[in-house]
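Below you'll find the structure, written out as structure tokens, and then a few comments.
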Amino acid sequence: MAAPKRSQHTRRRHALDRLVNLEAQRDKLERSRPRTPGKKGAKTRALNKLVGQIRAAKGQVTKARNAIAREAAARTSHNRAAKQKRSDAAKQGWVKRRATSSASRIGDIWQHLLPDGTTTTVVLDKGDSSLEGLYWNAYGAALAGKRDLWEFSDLSVFDLDSQQRFPFVTDLDIIAEHADEIDFGPGFYKRRSDAPGNPA
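Count along the sequence shown from 1, then add 25; that gives the number in my numbering.
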């Protein structure tokens, strides 16, 4: 059975270990003081051999380091493309929701987090209300250190009352700093059927 393929990190670690060992041999040999011509010649030949081996070991370290950098760049590119794909899909979904929603200004009432850590009241249609709910669920998980909120960085909700768009806050430092200031009481969220004067 073929041996498992070693990762580039393992290759780099082994190359570094070999380089350190060869340089230690060279330093020890350079400190030696052979007294006979034969031993002096043997020292010179050994040093020349070590110089070539050290050069080769440095090349292996560089090769592994470059391979690691290429793999990291490929992962970054893949993650960026995946994020853009999800963002485009979310935007298309929002356009579809807006196109099919009624013109009624009756909507769910939410508290929406602002960049300064305070909240504001927004009135949202069914689609944006669902998105707001997803955000607050993710918010709780983010506070617990179980996830981040980067997928909301390009998203926003449309307030039917002010006719303005409000982006989501994804900075975990801001969220953690103002977490204790948010009132999750009865006025935090009201369904349209719960609002006074609204039909069920």
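Cβ atoms here follow ideal geometry from the backbone N, Cα and C, with glycine treated the same way. Keep in mind that this is a model prediction, so the values were computed, not measured.
Do residue i and residue j have their C-beta atoms within less than 8 Å of each other?
i, j, result
"Glu202", "Gly142", "yes"
"Arg190", "Ser181", "yes"
Using a beta-carbon distance below 8 Å, is residue i in contact with chain B?
i, result
"Ile131", "The chain labelled as chain B is not found in the depicted structure, where only one protein chain is given."
Could you give the C-beta distance for residue i and residue j, rounded to a whole number, given that I count them as a contact under 8 Å?
i, j, result
"Leu149", "Leu197", "About 24 Å; that fails the 8 Å criterion."
"Arg172", "Ala89", "Incorrect: roughly 33 Å between the Cβ atoms, too far for contact."
"Ala82", "Leu47", "6 Å"
"Pro62", "Lys68", "No, Pro62 and Lys68 are not in contact; Cβ-Cβ is about 11 Å, not under 8 Å."
"Glu176", "Arg100", "18 Å between Cβ atoms; not a contact."
So what does DSSP say about residue i, is it helix, strand or coil?
i, result
"Val194", "coil"
"Gln188", "coil"
"Phe209", "coil"
"Leu149", "strand"
"Ser127", "For Ser127, the predicted structure reports a pLDDT of 44, less than 50, and the residue's modelled location is therefore unreliable. A value from the coordinates is still provided. Note: Ser127 maps to coil in three-state DSSP."
"Ser181", "strand"
"Leu139", "coil"
"Lys215", "strand"
"Asp133", "strand"
Tell me which same chain residues have a C-beta within less than 6 Å of the C-beta of residue i, skipping the five on either side of it?
i, result
"Pro140", "Val194"
"Leu138", "Thr144 and Val194"
"Glu206", "none"
"Pro192", "Ser181"
Excluding the 5 residues preceding and the 5 following residue i in the sequence, name in chain order all residues of the same chain whose CB lies nearer than 7 Å to its CB.
i, result
"Arg216", "Asp133"
"Gln33", "Ala89, Ala92, Ile93 and Glu96"
"Asp153", "Val182 and Phe183"
"Leu44", "Ile79, Ala82, Lys83 and Val86"
"Phe213", "Gln136"
Identify, in the order they occur along the chain, each residue of the same chain with its Cβ nearer than 8 Å to the Cβ of residue i, setting aside the five sequence neighbours on each side.
i, result
"Arg51", "Leu72, Leu75, Val76 and Ile79"
"Ala167", "Asp173, Leu174, Leu197 and Ile200"
"Ser57", "Lys68"
"Leu41", "Val86"
"Lys65", "Pro59"
"Ser187", "Val147"
| field | Sequence ranges, alpha helix (DSSP H) only - wholly within the stretch 27-84, length at least 4 | value | 33-56
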